[in-house]
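Chains as they are written, first to last, in the numbering used here: chain A, 1 to 173; chain B, 174 to 293.
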């Protein structure tokens, strides 16, 4: 038996921002993110009777949204740029600071260039404010792997942000 | 929280990242589109009969026994039908022979009346 319509509408309105944001930042595509987010809520609608409590529903939505978004990303077969690892290998990181406003403007573009495991870990850690062990449990991965993905993802993101934003400043000048 | 590297610059970048990664609202009308799809999927669908994944042992035995009885009964019915057809064919043959005998006897009598004798 599915959830009643009024209750279902309330759940959508409460959680749509979280579900859509995960889908968008993991898939990197607006249309795909909407499709993924719709599918997640429809799955909730079908399995609603098994979910009890707001926390359980929130956890369930976050987990299913993450997995569906990863599936969609794999179906798209969009690979991040081939030289992504080279950015991590560079040892020197200059002291250029990246402003929050600038980072926000370029964030989605930068995230799209991260390899999938790093991107997922970064989204769950910094958007959903989950701890590494919570991410590990959700993804079924060792905590050490999640920490490694986070560290490498952050290093890569920071390096790219510094370089691309310098370019952005030059282009605007 | 820094992941592994407690460098000051790293932590600062993490803070900026966390601030930048705010939630994004879905496109206008998202909830209505989900509700419409949910209602569409609730429409009655044709029931599909499906076998249970695993039948109990006694059920399997009963099905096997029923199939065996069915095959045996079918075989018996077929044999009975064959016997009936053979009996009918025999009756038709005997009737044919009787009619032929009567016709021959009738012909013989007519010939005898006409003065023709056989076997004399």
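In this text, a Cβ means the ideal position worked out from N, Cα and C, and glycines have one as well.
Exercise for review: Could you tell me the distance, in whole angstroms, from the CA atom of residue 162(A) to the CA atom of residue 38(A)?
Suggested key: 35 Å
Exercise for review: Taking only beta-carbon positions, decide if residue 141(A) is within less than 8 Å of chain B.
Suggested key: no
Check your understanding: Which term fits residue 272(B), buried or exposed, when burial requires 16 or more other beta carbons within 10 angstroms of its beta carbon?
Key -> exposed
Review point. Is the Cβ of residue 202(B) closer than 8 Å to any Cβ of chain A?
Key: no
Review point. Would you say residue 242(B) faces chain A, with C-beta separation under 8 Å as the test?
Key: no
Review point. Do the stretch 228-237 of chain B and the stretch 43-62 of chain A make contact, defined as three or more Cβ pairs closer than 8 Å?
Key: no
Review point. Mind checking if residue 37(A) is an interface residue toward chain B, Cβ cutoff 8 Å exclusive?
Key: Among the residues facing chain B, residue 37(A) is included, as its CB has a counterpart in that chain under 8 Å away.
Exercise for review: Determine whether the Cβ of residue 13(A) lies closer than 8 Å to any Cβ atom of chain B.
Suggested key: yes
Point to revise | Local conformation of residue 195(B) per DSSP, three classes | key: coil
Practice item. In angstroms with no decimal places, state the Cα-to-Cα distance between residue 106(A) and residue 157(A). Key: 11 Å
**Study point:** Inter-residue Cα distance where the pair is residue 22(A) and residue 241(B)
**Key:** 59 Å
Point to revise | Classification of residue 146(A) by the beta-carbon crowding that lies within 10 angstroms, buried from 16 upward | key: buried
Exercise for review: Might you give, ordered along the chain, the residues of its own chain that have their beta carbon closer than 8 Å to the beta carbon of residue 285(B), omitting 5 neighbours on each side?
Suggested key: none
Check your understanding: Quick one, are the C-beta atoms of residue 116(A) and residue 73(A) less than 8 Å apart?
Key -> yes
Point to revise | chain A residues whose Cβ lies nearer than 7 Å to that of residue 235(B) | key: Residues of chain A passing the Cβ test: none, with the nearest at roughly 33 Å.
Review point. From residue 193(B) to residue 5(A), what does the alpha carbon distance come to, in whole angstroms?
Key: 34 Å
Review point. How would you label residue 16(A), buried or exposed, when you count the other beta carbons within 10 angstroms and need 16 or more for buried?
Key: Around the beta carbon of residue 16(A), a 10 Å sphere encloses 16 or more other beta carbons of the protein chains shown; the residue is thus reported as buried.
**Study point:** Residue span of the alpha helix (DSSP H) that contains residue 44(A), given as start and end
**Key:** 30-47
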